[in-house]
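According to the working numbering, the sequence shown is numbered sequentially starting from 83. Here the structure comes first, spelled out in structure tokens, and everything after it is commentary.
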Amino acid sequence: MKKYLRYFLSVSIAGVFLWLAFRNVSFGEVRLVMSTLTWYWVLPYLFISLFSHYLRAERWKLFIEQEGVRTNRLTLFTGVMLGYMVNYAVPRLGELSRSVYVGNKEELSRSRLVGTVVLERGLDLLVLLVLVLVVFFYILSDISVIAPIVGSETILLLTWVLSMDGVLFFFLFLVFFLLALIGLYYMVVLLRRWLPFFSHLFDLITDISKKFFQGLLSISRIKNWPLFLLLTAGIWFCYVIMTYIPFVAFNLHVLFDLGFREAFIITVISAMGIALPSPGGIGTYHWLVSRSLFLLFAVPEAVGAAYSIVSHLVPMIIILMITPLLLMIEQSGMFPGNKKQPQQHNLMA
83 MKKYLRYFLS VSIAGVFLWL AFRNVSFGEV RLVMSTLTWY WVLPYLFISL
133 FSHYLRAERW KLFIEQEGVR TNRLTLFTGV MLGYMVNYAV PRLGELSRSV
183 YVGNKEELSR SRLVGTVVLE RGLDLLVLLV LVLVVFFYIL SDISVIAPIV
233 GSETILLLTW VLSMDGVLFF FLFLVFFLLA LIGLYYMVVL LRRWLPFFSH
283 LFDLITDISK KFFQGLLSIS RIKNWPLFLL LTAGIWFCYV IMTYIPFVAF
333 NLHVLFDLGF REAFIITVIS AMGIALPSPG GIGTYHWLVS RSLFLLFAVP
383 EAVGAAYSIV SHLVPMIIIL MITPLLLMIE QSGMFPGNKK QPQQHNLMA
């Protein structure tokens, strides 16, 4: 019941934001704008899109390949693509799906892999927060322009986050969260002693929790930090290119002088839409992108709506087409995985 309620909520959010994005737009004008679209850009867009997902798989590999574990790059790449595809149906379920898929294929602990994915998503949110602050307060810097896009409440929240009170609050929250986790662990240990009948269940919960936190703490064991930072920068660079290429397709780089600086701004703002609990960012992405193009760069609403539709639809089609192909290749065994290491069996659960 809870799962269906969450799915209904996410679909409702998508519907509301789609209405907000297109309520003042004539679909006849949108069709007219899209009729002028050239499609020669799809091939380079396809390459950049897949390359960004490959970089994400390589970065995930840094979290996983520790203690003698070796993983197949194709399996990790397929897992990342599968996660994106599932997220279009049910938000955040993709993170669990890719962990289960890779865990089953590579015989690794699914719990530990979920921990690494949660860690990766947490780092992505941290990077996004930093980039949002850079865009809003250093590049745009005009609060009166920003407020209509994200709301005055969001501006106040970001201002508070930058204050000493905000930093202190997050520090205390982190300390409290860690203490609560430690307390929960010892409570489970005590319950196991008091209720021996449920000892197997408690052992299972303890083992899953232990491996999950091993995944969360895998960042402390990363040896190649320069590569980690380079991969993270590469992922975001690809995203900016993927924003800029449709500028060229719609001739916005000429008509409205939209370059890489503007592509960076739209990329960061659109990432906020993807982060919201909507299936694949449907609705939230369209509203933030079309609204930003109109308010920041005076792009007509019909053009902004057409841009948001195409720039969201094309990567979705790429994922929906390529992922089943990758799954078929994996199933066929054309590219076998790496030879398992003896240490790896200690990570299974």
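We put the beta carbon where it would ideally sit given N, CA and C, even for glycine.
The C-alpha of Leu312 lies about 17 Å from the C-alpha of Leu132. Look at Pro308 here: in three-state DSSP terms it is helix. In the DSSP assignment, Ala139 falls within the alpha helix (DSSP H) that extends over Val124 to Ile146. For a cut-off of 8 Å, the C-beta gap from Phe99 to Trp369 is around 4 Å, short enough to register as a contact. For Gly97, same chain residues with a beta-carbon under 7 Å away, outside a window of 5 residues either side, are Gly365 in chain order. For Leu375, the closest C-alpha among the options Leu309, Ser360, Gly204 and Ala103 is that of Ala103. Distance check between Val385 and each of Ser92, Glu140, Val107 and Trp101 places Val107 closest, using alpha-carbon atoms only. In this structure, the beta-carbon distance from Glu344 to Phe379 falls below 8 Å.
At least 8 Å separates the beta-carbon of Gly185 from that of Ser179. Assigned with DSSP and collapsed to three states, Ser108 falls in coil, not helix or strand. Judged by beta-carbon spacing, Pro230 lies within the 8 Å limit of Leu377, meaning their Cβ atoms are closer than that value.
Assignment of Asp339 by DSSP, reduced to helix, strand and coil, places it in the coil class. In this structure, the straight-line span from the alpha carbon of Asp247 to that of Val214 is close to 19 Å. A distance of 8 Å or more separates the beta carbons of Phe258 and Arg141. A straight-line Cα-Cα distance of about 7 Å links Ser372 and Tyr389. Contact between the region 156–176 and the region 116–130 is absent: fewer than 3 CB-CB pairs across the two stretches fall below 8 Å.
Between Ile399 and Met163, the gap from beta carbon to beta carbon reaches 8 Å or more. In the three-state reduction of the DSSP assignment, Ala353 falls in the helix class, which pools H, G and I. In the three-state DSSP reduction, Glu189 falls in the coil class, being neither helix nor strand. When rounded, the separation of the alpha-carbon atoms in Tyr267 and Leu195 is 20 Å.
The beta carbon of His394 lies closer than 6 Å to those of Tyr367 in the same chain, with the five residues before and after it left out. In summary, Trp318 is buried, with 16 or more beta-carbon neighbours lying within 10 Å of its beta-carbon over all protein chains present.
Scanning its chain for C-beta atoms nearer than 7 Å, with the 5 sequence neighbours on each side dropped, one finds around Tyr127 the residues Met324, Ile327 and Val396, in chain order. The closest CA to that of Pro361, considering only Val209, Glu111 and Met167, is found on Met167. Distances from the alpha-carbon of Glu202 to those of Thr314, Ile348, Ser352 and Val330 put Thr314 closest.
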